[in-house]
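Protein chains in written order, with the working numbering: chain A, 1 to 55; chain B, 56 to 280; chain C, 281 to 525.
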């Protein structure tokens with residue numbers, strides 16, 4: 001119940017923290033994941049090429 | 056045309072014979088269905104009014120889960136012993152073969168559930184008319200579940216953890232059937248017309264019968280190549 | 281002057297092109313996000329009936345629209361890959377899926393947060409929210425089917441077929457859920473009954489464009505990783521500057 005009261009008193013904080021902060025957090029996590037994946041993939045590719053060259 | 060029908064009957068009969076040799080599998084699905092339905096009153100309490108209201112949903116969801124349970128076996132036995140590969144190479148239309156297998160699957164895992172419904176309906180104190188409509192809606196709806204499920208079974212053929220994955224793929228696609236099926240019973244108990252629900256279910260059945268065999272055949276080709 | 285668009289459908293050509301485009305999409309998306317937030321929170325007035333809470337609309341509506349569009353785009357790419365057997369379209373489809381699923385998640389989350397002050401509950405079995413949930417399930421099915429098949433070619437084709445079946449099913453699901461909803465709830469709850477002001481519309485479109493650009497940037501950079509992974513045995517990958525260093 002206290003959440004309801006708090007919500008009505010601070011609508012903008014509620015909107016910001018609840019929706020926009022979460023949404024941008026999800027975006028940030030996704031960007032981090034994509035960048036991490038690129039790093040890992042590049043490492044893998046280099047390893048594959050090294051192995052193929054040594055053979 | 057006659058040849059296709061003959062082929063259809065042959066495939067269906069073959070699958071039925073195979074299923075009858077392993078009667079335990081058929082019984083397991085039925086027992087699972089009865090058990091899940093019987094668990095609900097234990098979970099939510101024995102108030103008759105509430106149970107009567109819940110009954111169509113409970114029976115439908117249980118039927119949905121029970122048909123998921125047996126889907127994994129639809130192609131896997133034929134896949135393991137190499138029969139499926141022969142079917143893919145056969146000159147006959149693969150879609151017809153798949154349709155025959157779907158029909159057999161429904162007769163083995165869908166039809167018993169429909170026949171069991173009146174008994175379970177009594178457990179939930181459903182009025183006689185509602186039980187009739189429920190049976191009719193299951194009769195129209197469970198073949199669609201078998202058909203949509205066959206696509207999922209074909210796609211997940213031979214994968215590890217295929218059973219859970221199969222449910223994950225197929226359950227969301229079955230939602231319309233569930234909605235119309237329970238909607239028909241709900242309308243009947245409220246004294247409203249239920250024919251529109253059943254017509255829509257019938258439309259889904261026709262649509263599924265036309266398209267899903269072909270899609271499942273494509274899925275089999277993808278999985279087997 | 282005829283531009284050969286098919287030139288860019290080969291991974292060899294697409295990879296460097298995507299690399300050049302990503303920064304532009306990313307930067308313009310960031311600018312539009314900033315502009316959209318400014319328009320939505322500073323310029324646009326509070327709603328007469330919903331007060332400040334309505335401002336969730338600027339993130340909720342664009343993300344839910346995008347989650348639906350992305351599913352169609354994904355299914356389109358999947359169909360292209362299945363019919364014409366092009367490598368790149370299958371890769372695009374599998375690159376779009378995670379972004380679409382995340383957009384669906386954000387749409388559900390913000391929808392729940394909007395529902396709390398407006399309807400008094402976090403979740404209402406409203407037709408749109410329910411369809412959005414089912415859409416999230418469809419995305420998850422696509423991703424997990426793709427992930428559980430080891431052979432990439434079979435994974436692409438199987439997931440593509442599932443995406444197509446799903447996209448045929450989406451309208452049926454939507455209408456059945458809507459119909460179910462009107463049967464079960466006497467009074468339908470409307471998201472925004474009041475007509476929107478022009479400034480609100482501007483803010484919404486800016487946010488929508490920002491989300492589009494963001495999605496394109498993320499999908500392109502994900503597809504670049506997928507190309508690298510799939511084609512790592514080819515010569516042109518070995519000659520890339522970022523691989524050599």
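Using N, Cα and C, we set each Cβ at its ideal position, and we do this for glycine too.
- Under DSSP, residue 327 (chain C) forms a beta bridge with C:331.
- In the pairwise beta carbon analysis, the stretch 300 to 319 of chain C is classified as touching the stretch 494 to 504 of chain C: at least three pairs are separated by under 8 Å.
- Per DSSP, the unbroken alpha helix (DSSP H) holding residue 80 (chain B) starts and ends at 78 to 99.
- For residue 389 (chain C), the neighbours in chain A by C-beta distance under 9 Å run, in chain order, 18, 19, 22, 23, 26.
- A distance of 7 Å or more separates the beta carbons of residue 337 (chain C) and residue 19 (chain A).
- Three or more beta-carbon pairs separated by less than 8 Å link the stretch 113 to 122 of chain B to the stretch 84 to 99 of chain B, which places the two stretches in contact.
- When C-beta distances to chain B are compared with 9 Å, the residues of the stretch 440 to 460 of chain C below that value are 440, 441, 442, 444, 445, 446, 448, 449, 452, 453, 455, 456, 457, 459, 460, in chain order.
- Collapsing the DSSP output to three states places residue 52 (chain A) in a helix.
- Interface criterion not met: the Cβ of residue 423 (chain C) is under 7 Å from no Cβ in chain B.
- Linking residue 509 (chain C) to residue 371 (chain C) through their CA atoms gives a straight-line distance of about 11 Å.
- For residue 483 (chain C) against residue 384 (chain C), the beta-carbon gap comes to about 22 Å, at or over 8 Å, which does not count as contact.
- The C-beta separation of residue 34 (chain A) from residue 498 (chain C) comes to about 6 Å, placing the pair in contact by the 8 Å criterion.
- Runs of the alpha helix (DSSP H) lying entirely within the stretch 379 to 448 of chain C and spanning at least 4 residues, in chain order: 407 to 428.
- Short of 6 Å from the beta carbon of residue 185 (chain B), and not among the five residues preceding or following it, lie these beta carbons of its own chain, in chain order: 240, 243, 244.
- Contact between the stretch 257 to 264 of chain B and the stretch 132 to 143 of chain B is not established, with fewer than three Cβ pairs separated by less than 8 Å.
- For residue 280 (chain B), there is no enclosing alpha helix (DSSP H), as DSSP marks it with neither H nor E.
- When Cβ-Cβ separations below 7 Å define contact, residue 485 (chain C) makes no contact with chain B.
- Residue 253 (chain B) counts as buried, since at least 16 other C-beta atoms from the protein chains shown sit within 10 angstroms of its C-beta.
- At a cut-off of 7 Å between beta carbons, residue 5 (chain A) makes no contact with chain C.
- Secondary structure note for residue 519 (chain C): it is in no alpha helix (DSSP H), with a DSSP letter that is neither H nor E.
- Residue 352 (chain C) has its alpha-carbon roughly 24 Å from the corresponding atom of residue 299 (chain C).
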